[in-house]
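Residue numbers (the working numbering): 2 to 223.
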Ligand code: AMP
């Protein structure tokens, strides 16, 4: 299984990729998570990325391309890419990486959610600065207010780039740069269209089913 998760910020790519990764024991590679970790550690990559991430802009291609290239070497046959590629140039670079590794994508899971819903959703998102677990004040609240279920850390935080004005910028960037990839992968018969405006487990069932099936031939928008 070699999948790409595509969709706007807040569509649930990370949540769904984590669930599928657990279900099949497949490495989950989230460029956003890798960048946030580098930022928290203050590495040169992290310091460079921060000025873009905090404003809702895309980090320069050469930075993320290098992160993905390094990690794909070890995960040749099985991976879930979440948050990459995010523009045509990254998609071209991914094609080159896969060619060199003599492999190809099995499918692309596109999670669709309308913009109005995304702005509300992202506003309620909280995460654990210690282990990275993600919650939502309404749809996935922690058992104890403000404490992480996974590691017990007290003090969940809002990502700086989840603030309303940054989310609007991220959506603009998404529509301009990333949304065209939907057509690219549709034309290659790789795209599964999933309605992400439903409870997490309902979306997860469709994602799991789609991940095990070749796209196309099933009618609907897949
Ligand atoms: P995410 O957690 O996927 O929403 O990513 C958070 C932020 O990290 C994005 O808003 C970008 O600033 C940066 N980022 C993540 N993945 C990429 C990528 N493939 N290309 C450029 N920037 C990225």
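Ideal placement from N, C-alpha and C gives every residue a C-beta, glycine not left out. Just so it is clear, the structure is predicted and the values come from calculations on it, not from any experiment.
| Check | Outcome |
| --- | --- |
| Buried or exposed for residue 129, please, with buried defined as at least 16 other CB atoms from any protein chain shown within 10 angstroms of its CB. | buried |
| Between residue 131 and the rest of its own chain, which residues show a CB-CB distance below 6 Å, the 5 nearest in sequence each way excluded? | 152, 154 |
| For residue 55 versus residue 162, is the C-beta spacing smaller than 9 Å? | yes |
| Output yes or no for whether 9 Å exceeds the beta carbon distance between residue 224 and residue 83. | There is simply no residue 224 to check, as the chain begins at 2 and stops at 223 in what is shown. |
| Should residue 190 be listed as close to the ligand AMP, given that the test is whether its C-beta is under 8 Å from any heavy atom? | no |
| Any heavy atom of the ligand AMP closer than 8 Å to the CB of residue 162? | yes |
| Provide the residue span of the alpha helix (DSSP H) that contains residue 20, from first to last. | 14-25 |
| Count the other C-beta atoms from every protein chain shown that fall within 10 angstroms of the C-beta of residue 5, then say buried if there are 16 or more, exposed otherwise. | buried |
| If you follow the alpha helix (DSSP H) that residue 186 is part of, which residue opens it and which one closes it? | 181-188 |
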